[in-house]
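Engineer:
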Amino acid sequence: MKERRKLDALKLSIDRQELKKLEERINRVLFDNILPFWLKYSRDEEKGGFWGRVSNENVPLRDAPKGLILYSRILWTFSVLYQRFGEPAYLEMAERAWQYLDRYFWDEKYGGMFWLVDANGTVMDDKKKMYGQAFTIYALSAFYRIYNQPAILQKAIDLFELMLKHNYDKQFGGFLETSGRDWTLVLDMRLSDQDLNSAKSMNTHLHIMEAFTGFYQIWPESVLRKQLRSVMEILIQKIFNPQTGHLNLFFKENWQSESKAVSFGHDIETSWLLQETFMMLHDSELEQPGREVALKLAKSTLMEGLTPNYAIYKERTDEGMLVPILEWWQQAEATVGFAYAYLLSGRPEFWKAMVNTWQFLEEYLLNREYGEWYYGVDSKGRPNLNTYKVSEWKGPYHNVRACLELLKCLEKLRSTHNELVSK
2 MKERRKLDAL KLSIDRQELK KLEERINRVL FDNILPFWLK YSRDEEKGGF
52 WGRVSNENVP LRDAPKGLIL YSRILWTFSV LYQRFGEPAY LEMAERAWQY
102 LDRYFWDEKY GGMFWLVDAN GTVMDDKKKM YGQAFTIYAL SAFYRIYNQP
152 AILQKAIDLF ELMLKHNYDK QFGGFLETSG RDWTLVLDMR LSDQDLNSAK
202 SMNTHLHIME AFTGFYQIWP ESVLRKQLRS VMEILIQKIF NPQTGHLNLF
252 FKENWQSESK AVSFGHDIET SWLLQETFMM LHDSELEQPG REVALKLAKS
302 TLMEGLTPNY AIYKERTDEG MLVPILEWWQ QAEATVGFAY AYLLSGRPEF
352 WKAMVNTWQF LEEYLLNREY GEWYYGVDSK GRPNLNTYKV SEWKGPYHNV
402 RACLELLKCL EKLRSTHNEL VSK
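When you number the sequence shown by our numbering, it's gap-free, plus one each residue, and the end is 424.
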């Protein structure tokens, strides 16, 4: 009770005017910078769906391939936006994304989602990557909440069952990274050419937890709860390294780590996604260790992963070198992670970090002339103009979600403030 009063007092110390001004800034970024771009420039009116790549000047690369991650993230983003705001244009974007996914990415013969198609929808990479299956489940879960069609739910169930049947490791737990089209395991299991060819990864299991958390809200079956609980345990007990305070990244089948590198963006993203999961599960056995790991990850990011102006480094290499590349998604996830850490702990350093990281991305990452965000900037804040603004890996998910989650956090703080003032 004493700790609760102390936490409430810290939250009360934030001025309501500060909350209001920050809320206005976030809304401007969401509604004036990000969403106008997607609504006006992302749709491929020639071949259907959305452009696979778009330049920083809003010029589409017409022959670019189209990736499962981009499309599933568009589906998730606009489903969540429609659920929150009810704008018909958001529903149309979500429907458009799902129609393309269902027509071109779903494998009618073996089930599951292809990884990559060309500009015309012809399959280019037919691997079944668990990262991609999970993101599709995540997107379908959000889409089902606004569309409420049994076929949408069934597709998510089908994907979940395929993952369990073919890629779940019954001996050591967790999921093997990648299968071929027919769900037999392949030699090259890498998620991307930047990853190690490992049997299991932090990144895939983080997003499986994220996906299963969303899925459980529409399909609260015991088999799903068991798997969600298992993945959360794996993140806490096998992927989180208590000696370093960071997540290990790549693993053999038996969870022996194969890398010493640190991904600060994934650390802080995991910090808040863990909280989302244990708050939803109401599991007394996992909540306390989940809280502890969430705060340790946030603290490690705060102490080791920040530039002097509160941007998040891309990573620390196996050799211990900081990579001075400041990409869009790490900054977005850091604002949410620090906000969640503040709500969990009341520690003012997390609030300060959130505000300052938001200030950094607002100042340097926004493409103010053409909309949306740059892929990244260098250590001097100069934007990377050679990387597409839309691509297989860059969609509206990280930055839109950051805006929505921050608005929720500010609302919680405002509610706490009002309750305390009225007492």
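The beta-carbon is built from N, C-alpha and C at its ideal position, and this holds for glycine as well. Computed from a prediction, not measured in an experiment: that's the story for all the values here.
(1) Going by DSSP, what residue range makes up the beta strand (DSSP E) through MET125?
(2) Where do the ends of the alpha helix (DSSP H) carrying TYR132 lie?
(3) Does DSSP put ASN242 in a helix, in a strand, or in coil?
(4) Among the candidates ASN204, SER223, GLN228, THR205, whose CA atom is the shortest distance from the CA of PHE213?
(5) I'd like to know if GLN244 contacts chain B, where contact means its C-beta is closer than 8 Å to some C-beta of that chain.
(6) Quick check on the burial criterion: 16 or more other C-beta atoms within 10 angstroms. Buried or exposed for ALA152?
(7) Please report how far the alpha carbon of PRO61 lies from the alpha carbon of LYS395, in whole angstroms.
(8) For GLU270, count neighbouring Cβ atoms within 10 angstroms of its own Cβ and tell me buried if that reaches 16, exposed if not.
(9) Can you tell me whether LEU188 is buried or exposed, with buried defined as 16 or more other CB within 10 angstroms of its CB?
(10) When you compare the CB positions of ALA443 and LEU92, do they come within less than 8 Å of one another, or not?
(11) Measure how close the beta-carbons of ALA312 and LEU327 come, nearest whole angstrom, since I'm counting them as under 8 Å.
(12) Reducing DSSP to helix, strand and coil, say where TRP273 ends up.
(13) Can you tell which of ASN357, ASN121, ARG29 has the C-alpha that lies nearest to the C-alpha of GLU46?
(14) Could you have a look at PHE361 and say whether DSSP puts it in helix, strand or coil?
(15) GLY175: buried (16+ other C-beta within 10 angstroms of its C-beta) or exposed?
(16) Would you mind sorting GLN18 into buried or exposed? The rule is 16 or more other CB atoms within 10 Å of its CB.
(17) In chain order, what residues of the same chain lie with their CB nearer than 7 Å to the CB of LEU154, ignoring the 5 residues before and after it?
(18) Taking DSSP as the reference, what is the three-state secondary structure of GLU19?
Structural biologist: So, from the listed chains and residues:
(1) Residue mapping note: residue 125 aligns to position 124 of the sequence shown, counting from 1. Looking at the DSSP string, the run of the beta strand (DSSP E) that includes MET125 is 124-126.
(2) For the purposes of this step, residue 132 is taken as residue 131 along the sequence shown, with counting starting at 1. First-last of the alpha helix (DSSP H) with TYR132: 131-148.
(3) Against the sequence shown, residue 242 aligns to sequence position 241. Correct three-state label for ASN242: strand.
(4) Taking the sequence shown and counting its residues from 1, the one referred to as residue 213 is at position 212. The shortest C-alpha separation from PHE213 is found at GLN228.
(5) No chain B is part of this structure, which consists of one protein chain only.
(6) On the sequence shown, position 151 is the one that residue 152 refers to. The residue in question, ALA152, is exposed, as its Cβ has fewer than 16 Cβ neighbours within 10 Å.
(7) Locating residue 61 in the sequence shown gives position 60, counting from the first residue. Locating residue 395 in the sequence shown gives position 394, counting from the first residue. Looking at the two C-alpha atoms, the distance is approximately 14 Å.
(8) Counting from 1 along the sequence shown, the entry for residue 270 is found at position 269. Counting Cβ neighbours within 10 Å, GLU270 comes out buried, since at least 16 surround it.
(9) In the sequence shown, counting from the first residue as 1, residue 188 sits at position 187. Exposed: under 16 other Cβ atoms inside 10 Å.
(10) Since the displayed the chain opens at 2 and closes at 424, residue 443 lies outside it and no answer follows.
(11) One-based indexing of the sequence shown puts residue 312 at position 311. One-based indexing of the sequence shown puts residue 327 at position 326. The Cβ separation is near 5 Å, so the contact holds.
(12) For the purposes of this step, residue 273 is taken as the residue at position 272 of the sequence shown. Helix, per DSSP.
(13) Position 45 of the sequence shown, counting from 1, holds the residue named residue 46. It is ASN121 whose Cα lies nearest to the Cα of GLU46.
(14) Along the sequence shown, one-based indexing puts residue 361 at 360. DSSP places PHE361 in the helix class (H, G or I) of the three-state scheme.
(15) In the sequence shown, residue 175 corresponds to position 174, counting from 1. Buried: at least 16 other Cβ atoms inside 10 Å.
(16) Position 17 of the sequence shown holds residue 18. With fewer than 16 Cβ atoms within 10 Å of its Cβ, GLN18 is classed as exposed.
(17) If you number the sequence shown from 1, residue 154 lands on position 153. Here the set comprises TYR145, ILE219, TRP220.
(18) Your numbering for residue 19 matches position 18 in the sequence shown. Correct three-state label for GLU19: helix.
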